[in-house]
Amino acid sequence: MKTLRLILGDQLNYKHSWYRNDDPDIYYFIAEMRQETDYVVHHIQKVIAFFEAMREFSEWLTSRKKHVIYYQLQDKKNQQDLSKNIKHLIEKYGFIKFEYQLPDEYRLDQQLNNLCADLKIDFEAYDTEHFLTKRNELAEFFNGKKNLLMESFYRNMRRKHKILINGNKTPEGGKWNYDQSNRRKWKNNFEIPHQCQFRRSVTATFNRIVKSGIKTLGDVDPKHFPWPSNRKDSLKMLRHFCKYLLPHFGDYQDAMDPNEAYLFHSRLSFSLNSKILSPLEVIETAIDQWKLNKKTIHISQVEGFIRQILGWREYMRGIYWREMPNYSKQNKLQNFNSLPPFYWNADTDMNCLHQTIKNSLQHAYAHHIQRLMITGNFALLTQTNPDQVEAWYLGIYIDAIQWVEMPNTRGMSQYADGGLVATKPYISSGAYINKMSNYCGDCRYKVKERTGEDACPFNSLYWNFLAEKKAHFKGNPRMGMIYSLLDKMSRDELKALKKKANQFIHNLRHE
Ligand code: FAD
Ligand code: SF4
0 MKTLRLILGD QLNYKHSWYR NDDPDIYYFI AEMRQETDYV VHHIQKVIAF FEAMREFSEW
60 LTSRKKHVIY YQLQDKKNQQ DLSKNIKHLI EKYGFIKFEY QLPDEYRLDQ QLNNLCADLK
120 IDFEAYDTEH FLTKRNELAE FFNGKKNLLM ESFYRNMRRK HKILINGNKT PEGGKWNYDQ
180 SNRRKWKNNF EIPHQCQFRR SVTATFNRIV KSGIKTLGDV DPKHFPWPSN RKDSLKMLRH
240 FCKYLLPHFG DYQDAMDPNE AYLFHSRLSF SLNSKILSPL EVIETAIDQW KLNKKTIHIS
300 QVEGFIRQIL GWREYMRGIY WREMPNYSKQ NKLQNFNSLP PFYWNADTDM NCLHQTIKNS
360 LQHAYAHHIQ RLMITGNFAL LTQTNPDQVE AWYLGIYIDA IQWVEMPNTR GMSQYADGGL
420 VATKPYISSG AYINKMSNYC GDCRYKVKER TGEDACPFNS LYWNFLAEKK AHFKGNPRMG
480 MIYSLLDKMS RDELKALKKK ANQFIHNLRH E
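Position one of the sequence shown corresponds to residue 0 (numbering that gives the first Met the number 0), numbered consecutively onward.
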C-alpha cells in the first residue's frame, strides 16, 4: 500500500520499529519549514541543530535503502506549512495511506488532527516509542488526588521500571531521594574534566538560514558547532558524561559559576528531546557506569541524574498533556510587567543575570538552576507577564520544545499555574544566589544590603513580592515561616523595601 510517513524534526528516533522492515511502498517525509522556524524567535544554534539532525537522519534512512522525501527550506515545492505540504504530496504521488507519530506539542497535534479529518485517504498515528510513559499516564496516576507531587510519581516510576530498586522493592542505597546532598557550591577545588565538544563545520546550513531571512537570536561559530546531531556523537556525549562528569553530577547540580557554563551537567537535552537518544538508554548507561565504579561514584550522584530524566522529564510531559490547552493561558499571580530588554542582550550590571544571559546567548544553554533561580527568579520577582517569559525560554535554549519548556517555565518557574507543579514559588533574595554561586563577588551590587544605593535588587524585590502576593500564599504551609518573618518586619522597613523594589521595576520598564 503506497504510504506516506511523516517524521517531525523532533522525532529522530533511530530505533523506532518503523525502520525495521523494508517496504518499497513506504515513503518518509521530513521538512524544514517556516511554520517551525517562525512560531517564536529561536536561537540560531537551535535552528542549526535541528536542521543538521534532520538532514543526518534522512541520510541514515537513505543509506538503509528507504525512500526519503526531504524538503529544504528554500525548495520551490516547499509550501512552508505542514498540512499544505502533506496534501500536495498525497495528491502528486497518489499515496493511499498517511501515517505519523504522535507529536509532543499540542499545536502540532491539533494541526495533524485537523489535517487527517480533511483527508480522503486512510491515516494512522503511532507512538514515538521514546518516552517511558504514555501521554495520559500521569493524569491517570494522579486521578482523584489533590496534589500532583513529583516525588510520588517518581517513586512509582522507579518501582514500575525497576530502576535503582532492590529485589525487595526498596530503593537502592536505602533512600529514594538524595536531594539534600546535591547542594555544594563550586569552589574550584579540583579541575572539571573537559566537556565533550564537537567542532564540526555547519557553514552550509548556517548560510541557508541566513539567506532565507529567518529571524534568530544569539551567537554561533558555524565553523565549530558544539552540539551533536547524530546518534554516534550523541552516544559519545553520553559515554563521556557517564565516565567523567557523573561522579560529581549530584554534588554540584545546583552550583553556579561565571567561568563554568556547564559544570558537571550532561548537555544531553538536545539529543534526548530530538529523540536521537532514548531516556531509558541514558538511564541504563548511567547505572552501568555506577555499577562498575561504585567506589568512585556515590549513589547520590546517579540517583540525582536519574531523577531528572525518569522523574522530572516524564512528569513535565504528563503535566503538559493533562493541562493543555488551558495551561498556556495560566497567569494565576496576575503578573503583567514586560520582560526587561536586557534578557535579549545581557546588558545589565547584575552579575548573576549578566553571566547567565550572556552564556545563554553564546551557547544556547544554561543549566537548570540558572534557568530557575537566576532568570526565572528575577522574572517572577519583577512580576513579569508569563507569556513573555515563556517566549524567551522557548526561543533561547537548544532543548526548548513546548511540552517540556511550558510546565518548567509557566509552572515550576513562574508559579502561573497557582502551584500545580511547584508547592511553593521558586524565589529567593540575593542570599541564596550568593550561597550557591560565585557571581556576587564581582557584582556592582552588594548582596547583603537591602535598601541602600548599591543594595542587591533581589533583596527588595523578594520582600516586595511576598508582600504584594500575600493573598496567594498566606495559606500555604510551606510559606508560613517566611510570612511570619515578613509580619515581624517593621512598617518602616517594609515601606522602604517596597519603595526600592517598585522604583527598580519602574526603571526596568523605562530604561
Ligand atoms: P542535566 O542537568 O545534565 O540533566 C539531565 C537531563 O535531565 C536533561 O538533559 C533533561 O532531559 C532532564 N531534565 C533535567 N531537569 C529537567 C526538568 N526540570 N524538566 C524536564 N527534564 C529535565 N528542559 C528542556 O529539555 N527543555 C526546555 O525547554 C526546558 N526549559 C526550562 C525552562 C525553565 C524555566 C527551567 C527552570 C528548566 C527548563 N528545562 C528545560 C529543564 C532543565 O533546565 C534542562 O533540561 C537542562 O538544563 C538541560 O541541560 P542538561 O542536558 O545539561 O541537563
Ligand atoms: Fe546577583 Fe545580587 Fe549577587 Fe549581584 S549581588 S550577583 S545582583 S545576587
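Every residue gets a Cβ at the ideal spot worked out from N, C-alpha and C, and that includes glycine.
Only a predicted model underlies this, so the values are computations on that prediction, with no experimental measurement involved.
Rounded C-alpha distance that separates residue i from residue j
{"i": "residue 191", "j": "residue 436", "result": "16 Å"}
{"i": "residue 26", "j": "residue 44", "result": "29 Å"}
{"i": "residue 327", "j": "residue 319", "result": "9 Å"}
{"i": "residue 244", "j": "residue 429", "result": "28 Å"}
{"i": "residue 357", "j": "residue 490", "result": "38 Å"}
{"i": "residue 58", "j": "residue 35", "result": "21 Å"}
{"i": "residue 422", "j": "residue 477", "result": "8 Å"}
{"i": "residue 364", "j": "residue 412", "result": "17 Å"}
{"i": "residue 60", "j": "residue 8", "result": "14 Å"}
{"i": "residue 208", "j": "residue 4", "result": "26 Å"}
{"i": "residue 234", "j": "residue 227", "result": "9 Å"}
{"i": "residue 238", "j": "residue 452", "result": "49 Å"}
{"i": "residue 464", "j": "residue 448", "result": "17 Å"}
{"i": "residue 129", "j": "residue 456", "result": "43 Å"}
{"i": "residue 143", "j": "residue 132", "result": "19 Å"}
{"i": "residue 193", "j": "residue 203", "result": "28 Å"}
{"i": "residue 123", "j": "residue 88", "result": "17 Å"}
{"i": "residue 81", "j": "residue 63", "result": "25 Å"}
{"i": "residue 229", "j": "residue 505", "result": "47 Å"}
{"i": "residue 392", "j": "residue 167", "result": "42 Å"}
{"i": "residue 408", "j": "residue 297", "result": "31 Å"}
{"i": "residue 400", "j": "residue 49", "result": "11 Å"}
{"i": "residue 19", "j": "residue 285", "result": "27 Å"}
{"i": "residue 481", "j": "residue 471", "result": "14 Å"}
{"i": "residue 210", "j": "residue 77", "result": "16 Å"}
{"i": "residue 486", "j": "residue 372", "result": "25 Å"}
{"i": "residue 402", "j": "residue 172", "result": "32 Å"}
{"i": "residue 219", "j": "residue 99", "result": "33 Å"}
{"i": "residue 445", "j": "residue 439", "result": "8 Å"}
{"i": "residue 383", "j": "residue 121", "result": "46 Å"}
{"i": "residue 295", "j": "residue 115", "result": "54 Å"}
{"i": "residue 85", "j": "residue 97", "result": "9 Å"}
Check: residue i C-beta below 6 Å from any heavy atom of the ligand SF4
{"i": "residue 432", "result": "yes"}
{"i": "residue 440", "result": "no"}
{"i": "residue 146", "result": "no"}
{"i": "residue 429", "result": "yes"}
{"i": "residue 446", "result": "yes"}
{"i": "residue 457", "result": "yes"}
{"i": "residue 241", "result": "no"}
{"i": "residue 349", "result": "yes"}
Where residue i falls: helix, strand or coil (DSSP)
{"i": "residue 452", "result": "coil"}
{"i": "residue 511", "result": "Because the chain in this structure spans residues 0 to 510, residue 511 falls outside the shown range and cannot be described."}
{"i": "residue 507", "result": "helix"}
{"i": "residue 215", "result": "strand"}
{"i": "residue 383", "result": "strand"}
{"i": "residue 23", "result": "coil"}
{"i": "residue 208", "result": "helix"}
{"i": "residue 91", "result": "helix"}
{"i": "residue 79", "result": "coil"}
{"i": "residue 41", "result": "strand"}
{"i": "residue 100", "result": "strand"}
{"i": "residue 500", "result": "helix"}
{"i": "residue 199", "result": "strand"}
{"i": "residue 368", "result": "helix"}
{"i": "residue 14", "result": "coil"}
{"i": "residue 489", "result": "coil"}
{"i": "residue 395", "result": "helix"}
{"i": "residue 353", "result": "helix"}
{"i": "residue 193", "result": "coil"}
{"i": "residue 66", "result": "strand"}
{"i": "residue 30", "result": "strand"}
heavy atom of the ligand COA below 6 Å from residue i C-beta
{"i": "residue 153", "result": "What this structure holds is the ligand FAD and the ligand SF4, not the ligand COA."}
Neighbour flag for residue i against chain C, beta carbons, 7 Å
{"i": "residue 1", "result": "In the structure shown, chain C cannot be found, because there is only a single protein chain."}
Checklist entry - Whose CB is closer than 5 Å to a heavy atom of the ligand FAD? List the residues in chain order. => result 264, 265, 266, 267, 268, 271, 307, 308, 311, 312, 315, 366, 367, 370, 371, 375, 392, 398, 399, 403, 404, 407, 408, 412
Next on the checklist: Please give me, in chain order, every unbroken run of the alpha helix (DSSP H) with length at least 4 that falls completely inside the stretch 230-286.
Outcome noted: 230-239, 245-248, 268-272
Next on the checklist: Which complete alpha helix (DSSP H) runs does the stretch 121-186 hold, if anything under 4 residues is left out?
Outcome noted: 136-140, 149-160
Checklist entry - What residue ranges within the stretch 290-346 form continuous alpha helix (DSSP H) runs of no fewer than 4 residues, ordered along the chain? => result 298-305, 313-322
Next on the checklist: Report the start-end ranges of each alpha helix (DSSP H) in the stretch 421-469 that is 4 residues or longer and not cut off at the edges.
Outcome noted: 429-435, 456-467
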